[in-house]
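See below for the structure under consideration.
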Amino acid sequence: MASQEIETLAAALARLPGLGPRSARRAVLWLVKRRENSLGPLLDALEAVRDKLVECDLCSNVDTQNPCGICADPRRDQRSICVVEDVSDLWALDRAKLFTGRYHVLGGKLSAMDGVRPEDLNIGALLERVQAGGIDEVVLAMNATLEGQTTAHYIADRLENFPVRITQLAHGLPVGGELDYLDEGTLAQALRARRPVD
Ligand SMILES: [Zn+2]
Numbered sequence: 001m002a003s004q005e006i007e008t009l010a011a012a013l014a015r016l017p018g019l020g021p022r023s024a025r026r027a028v029l030w031l032v033k034r035r036e037n038s039l040g041p042l043l044d045a046l047e048a049v050r051d052k053l054v055e056c057d058l059c060s061n062v063d064t065q066n067p068c069g070i071c072a073d074p075r076r077d078q079r080s081i082c083v084v085e086d087v088s089d090l091w092a093l094d095r096a097k098l099f100t101g102r103y104h105v106l107g108g109k110l111s112a113m114d115g116v117r118p119e120d121l122n123i124g125a126l127l128e129r130v131q132a133g134g135i136d137e138v139v140l141a142m143n144a145t146l147e148g149q150t151t152a153h154y155i156a157d158r159l160e161n162f163p164v165r166i167t168q169l170a171h172g173l174p175v176g177g178e179l180d181y182l183d184e185g186t187l188a189q190a191l192r193a194r195r196p197v198d
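Mapping of the sequence shown onto this note's numbering: residues 1 to 198, in sequence order.
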């Protein structure tokens with residue numbers, strides 16, 4: 001039986017995506033054995049994240065500044081917004097360096113099964129951004145899952161009466177594919193070949 005401190009740390013790590021109790025325990029042991037070289041830097045990084053990261057009021061990206069670096073960048077195209085489910089999708093798309101506009105993070109996807117309704121997502125703020133004017137194109141970059149596509153259609157409906165072009169990522173995306181897991185070439189391709197929502 002490990003000490004209470006180790007149990008607590010292992011339990012905290014076990015809640016991370018992709019880590020179960022066994023891997024969490026292994027990680028804790030690994031860290032303890034490398035206290036100087038690994039635990040210190042990890043602590044510093046965690047502290048920096050806790051103290052500095054904020055959510056962007058405009059797009060809900062996570063950054064060390066608010067508005068985030070993307071929203072605050074005057075070189076980015078102010079007239080187009082790319083809508084994504086989660087911050088990880090934003091980061092994946094931005095790594096592909098093809099989209100030059102700004103983003104909007106929904107914070108999830110519509111899901112009857114998980115009880116996620118439109119009002120649970122950041123959709124109202126998106127409508128406000130579009131309603132404020134100055135937007136030419138809204139790119140719906142939802143994951144190629146059933147729920148992602150349901151979400152895209154819902155948003156397309158809500159935007160129907162605004163004078164904006166609504167496009168979505170090309171269906172070169174593998175079915176069930178999550179943006180975060182795609183390589184940058186595939187993402188760039190899907191973005192380049194984006195098409196109007198039907
Ligand atoms: Zn932002």
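Quick reminder that beta carbons are idealized off the backbone N, C-alpha and C, glycines included.
Output the distance between the C-alpha atoms of residue i and residue j, rounded to the nearest integer angstrom.
i, j, result
"Ala190", "Glu47", "37 Å"
"Pro67", "Asp57", "6 Å"
"Arg26", "Thr8", "14 Å"
"Asp73", "Cys82", "15 Å"
"Cys71", "Leu42", "29 Å"
"Leu39", "Pro163", "53 Å"
"Pro21", "Ser111", "28 Å"
"Ala11", "Ala24", "7 Å"
"His153", "Ala193", "18 Å"
"Arg206", "Arg50", "The requested residue 206 is not part of the displayed model; the chain covers only 1 to 198."
"Asp77", "Ile155", "21 Å"
"Gly200", "Ser3", "In the structure displayed, the chain extends from 1 to 198; residue 200 sits before or after that span and is not available."
"Arg75", "Ala125", "23 Å"
"Gln168", "Arg195", "6 Å"
"Arg34", "Leu90", "34 Å"
"Leu16", "Ser88", "15 Å"
"Asp136", "Ala170", "19 Å"
With DSSP collapsed to three states, give me the class of residue i.
i, result
"Pro163", "coil"
"Val138", "strand"
"Glu203", "A question about residue 203 goes unanswered here, because the residues of the chain that appear run from 1 up to 198."
"Arg22", "helix"
"Val197", "coil"
Once you ignore the five residues that flank residue i on each side, which residues in its own chain have a CB closer than 7 Å to its CB?
i, result
"Leu127", "Arg158"
"Ile6", "Val28"
Considering only residues of the same chain and omitting the five flanking positions on each side of residue i, which have a CB-CB separation below 6 Å?
i, result
"Ala188", "Ala96, Leu98"
"Glu178", "Asn143"
"Ile166", "Val138, Ala156, Leu159, Val197"
"Leu109", "Residue 109 is actually Lys in this sequence, not Leu. These residues qualify, in order along the chain: Glu85, Glu147, Gly148, Thr151."
So, at 8 Å on beta carbons, what are the nonlocal neighbours of residue i in its own chain, with the 5 sequence-adjacent residues on each side left out?
i, result
"Leu19", "Leu13, Ala27"
"Asp114", "none"
"Val32", "Ile6, Leu39"
"Glu55", "Asn61, Val62, Asn66"
"Val116", "Gly108, Lys109, Leu110"
"Trp30", "Ser38"
| field | Every unbroken beta strand (DSSP E) within the stretch 62-124, with a cutoff of 3 residues, ordered by chain | value | 80-84, 102-105
| task | Decide if the stretch 141-151 is in contact with the stretch 125-133; the criterion is three or more beta carbon pairs, one per stretch, under 8 Å apart. | result | Contact between the stretch 141-151 and the stretch 125-133 is absent, with fewer than three C-beta pairs closer than 8 Å.
| Can you find at least 3 beta carbon pairs, one from the stretch 45-61 and one from the stretch 94-110, that sit closer than 8 Å? | yes
| request: Return the chain-ordered ranges of every alpha helix (DSSP H) run that is complete within the stretch 4-63 and spans a minimum of 4 residues. | output: 4-14, 21-33, 40-52
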